[in-house]
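*Asks:* Can you read through this structure? Questions will come right after.
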Ligand code: HH2
């Protein structure tokens, strides 16, 4: 899953792709590097970030989604909309997105209906609190048990609200209301999240804890550190790797999968279409 952030303030690539044409071009490059999903987002959720109004978020993402839909592809990527807002998701689905990546796991009361009625895939992510405050002293008795229980509850809720279970992906939310040790514990025991039985998405790309642990120089992109976590997540059963740097991610995952004796190919989607 290649990241296309259309935000002026994203933590690692904010502002670089904020023009619609540049974002579409960037998405095309990521597909050229091997991405089979493009995740388009118009609201930064980095620690401390403030929420964005729906109109502003839509104004950022719609031209990009339309540009991607109008593009010519050898093999079209699945388009994902990274949003917490049902109105943004609804508009995105109407212009070709087929995956809703919701870091709030359906907190907007209208979101389950939008996903269900749109027949869309949906990624449910664990986040403690809100981006603005989530890194204020997060505490858990057992972070893996709590994240797992949360994801199971959200999965059941989604299904009760009419979302097809076969369309749901789950994500432990690395960096969302977690200390560095919580992030490492979730990666170490990712197999326990995979055991829920739905495809697991992992998003470590360029995140701050990698720089602190890997002693990456300030300003560097933490690509090697990202690859280390992706390889470990693959070994523990993750299916989707949300990354800024698709080419190195793909190369390292191919070699890691071959070493594990599996043949990993970038599938066109993580879910199995049911009809
Ligand atoms: N992380 C970010 C945003 N969306 N979605 C999922 N499913 N999993 C993640 O880990 C995840 C996510 C934050 O990263 P980024 O998009 O690079 O930054 P920002 O939120 O500042 O745009």
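Residue numbers (the numbering used here): 53 to 327. Every residue, glycine too, gets a C-beta built ideally from N, C-alpha and C. The structure displayed is predicted, hence computed values, not measured ones.
Helix, strand or coil: how does DSSP classify residue 312 here?
*Replies:* If DSSP states are grouped into helix, strand and coil, residue 312 belongs with coil.
*Asks:* Taking 8 Å as the cut-off, decide whether the C-beta atoms of residue 281 and residue 239 are in contact.
*Replies:* Yes, they are a contact pair.
*Asks:* Which one or two residues does DSSP pair with residue 130 in a beta bridge?
*Replies:* According to DSSP, which records beta bridges pairwise, residue 130 is partnered with 89.
*Asks:* How do the segment 76-87 and the segment 283-302 stand: do at least 3 beta-carbon pairs fall below 8 Å, yes or no?
*Replies:* Flag = yes, the segment 76-87 and the segment 283-302 touch.
*Asks:* Closer than 7 Å to a non-hydrogen atom of the ligand HH2 - does that hold for the CB of residue 163?
*Replies:* False, no ligand heavy atom lies under 7 Å from that Cβ.
*Asks:* Tell me whether residue 312 is buried or exposed, calling it buried when 16 or more other Cβ atoms sit within 10 Å of its Cβ.
*Replies:* Classification for residue 312: exposed.
*Asks:* Within 7 Å: the Cβ of residue 97 and any heavy atom of the ligand HH2?
*Replies:* Within the cutoff, so yes.
*Asks:* Sorry if obvious, but does the Cβ on residue 252 come closer than 7 Å to a heavy atom of the ligand HH2?
*Replies:* Residue 252 Cβ: outside cutoff for every heavy atom of the ligand HH2.
*Asks:* Enumerate, from N- to C-terminal direction, the unbroken alpha helix (DSSP H) stretches of 4 or more residues contained entirely within the segment 111-177.
*Replies:* The segment 111-177 contains these whole alpha helix (DSSP H) runs: 138-146 and 163-170.
*Asks:* Could you give the distance in angstroms between the alpha-carbon of residue 78 and the alpha-carbon of residue 196?
*Replies:* Whole-angstrom Cα-Cα distance: 35 Å.
*Asks:* Taking the C-alpha atoms as reference points, what is the distance between residue 151 and residue 128?
*Replies:* Rounded to whole angstroms, residue 151 to residue 128 spans 14 Å at the Cα level.
*Asks:* Taking only the alpha-carbon atoms, compute the straight-line gap between residue 57 and residue 71 and give it to the nearest angstrom.
*Replies:* Rounded to the nearest angstrom, the two C-alpha atoms are 10 Å apart.
*Asks:* Looking at the ligand HH2, does it come within less than 7 Å of residue 186, judged from the CB to the closest heavy atom?
*Replies:* The answer is no for residue 186.
*Asks:* Determine the closest residue to residue 141 out of 185, 181, 93 and 188, with distance taken between C-alpha atoms.
*Replies:* Closest option to residue 141, Cα to Cα, is 93.
*Asks:* When DSSP labels each residue in this structure, what does residue 199 get in the three-state scheme?
*Replies:* Looking at residue 199 - three-state DSSP - the assignment turns out to be helix.
*Asks:* How would you label residue 188, buried or exposed, when you count the other beta carbons within 10 angstroms and need 16 or more for buried?
*Replies:* Exposed, by the Cβ-count rule.
*Asks:* Just to confirm, does residue 177 get its C-beta within under 7 Å of one of the non-hydrogen atoms of the ligand HH2?
*Replies:* Residue 177 Cβ: within cutoff of the ligand HH2.
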